[in-house]
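Residue numbers (the working numbering): 2 to 108.
Think of the CB as a built atom: it goes at the ideal place given N, C-alpha and C, for glycine as much as any other residue.
Source: prediction; values computed, not measured.
Here it is as structure tokens:
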């Protein structure tokens with residue numbers, strides 16, 4: 002089984018082997034199928050994976066920059082811009098014109 006290895010994963014070879022053995026053991030116990038362990042188990046698993054990933058400063062910086070981008074996008078383009086464009090005392094655009102503005106931004 003060949004896996005793609007990223008630079009931040011190279012130090013985690015032992016951890017990946019341990020997780021692979023654990024998954025294999027679960028499959029053997031469950032007759033080849035993993036059981037659905039529930040939402041809480043899935044969330045705990047995801048959080049533990051993210052905490053390991055965010056321990057790397059390079060990855061953490063990229064994730065933070067991505068988060069800032071989405072906060073800025075949600076706060077400005079998705080929330081304030083429609084209000085500014087449709088303000089009766091301002092631009093007073095119709096829904097069609099607002100749609101055209103968004104089409105223009107997507108190009």
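Just to confirm, are residue i and residue j a CB contact at a threshold of 8 Å?
| i | j | result |
| --- | --- | --- |
| residue 83 | residue 72 | no |
| residue 60 | residue 54 | yes |
| residue 85 | residue 74 | no |
| residue 94 | residue 87 | yes |
Kindly indicate which three-state DSSP category residue i falls into: helix, strand or coil?
| i | result |
| --- | --- |
| residue 107 | helix |
| residue 93 | coil |
| residue 75 | helix |
| residue 47 | helix |
| residue 39 | coil |
For residue i, which residues from the same chain have a beta carbon less than 6 Å from its beta carbon, with the 5 sequence-adjacent residues on both sides left out?
| i | result |
| --- | --- |
| residue 41 | none |
| residue 21 | none |
| residue 103 | none |
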